[in-house]
Amino acid sequence: MSRQSSDELAPDGSILNGYDYNLQVWVRKGVVLQCYHPVPPPEQTTYCCNAARYVDKRVRDVLDHEVRETDSAITARLSREYQRNYKRNLTP
Ligand SMILES: [Zn+2]
44 MSRQSSDELA
54 PDGSILNGYD
64 YNLQVWVRKG
74 VVLQCYHPVP
84 PPEQTTYCCN
94 AARYVDKRVR
104 DVLDHEVRET
114 DSAITARLSR
124 EYQRNYKRNL
134 TP
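Now the structure itself:
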């Protein structure tokens, strides 16, 4: 069973175009998009969110970014499982 999603994945399973649920940021072409939250006052030293913190960074370079199973990885896994079950069923 796979999660329904229109997010596009990079070959390594990181988000290429879409939403990274681990970091809670939008990603385009593998790069974190800015949040457009109001600009914080200068005395505020913390970020409003991860998008502000990691804007313009490649998401796969950010610690704890989301990694999903790609279509080709799913296909490979199902193929392995099928072959394993097939061999098992041949054994009396
Ligand atoms: Zn923000």
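Per the numbering used here, the sequence shown starts with residue 44, numbered consecutively.
Even for Gly, the Cβ is constructed at its ideal location relative to N, Cα and C.
Note that the structure is predicted; figures quoted are calculated from it, not measured.
- With at least 16 other beta carbons inside 10 angstroms of its own, serine 57 counts as buried.
- Going by C-alpha positions, valine 82 is about 14 Å away from valine 98.
- The three-state reading of DSSP puts arginine 127 in helix, counting H, G and I together.
- With distances taken between CA atoms, tyrosine 79 lies nearest to Trp69 out of Trp69, Gly73, Glu86, Gln87.
- Non-local beta-carbon contacts of arginine 96 in its own chain, meaning distances under 6 Å to residues more than five positions away in sequence, involve Tyr90 in chain order.
- Relative to ligand 1, the beta carbon of histidine 108 is positioned no closer than 7 Å to any heavy atom.
- For asparagine 60, the uninterrupted beta strand (DSSP E) run begins and ends at 58-63, by DSSP.
- The continuous beta strand (DSSP E) containing arginine 71 extends over residues 68-71.
- At least 8 Å separates the beta-carbon of arginine 120 from that of aspartate 55.
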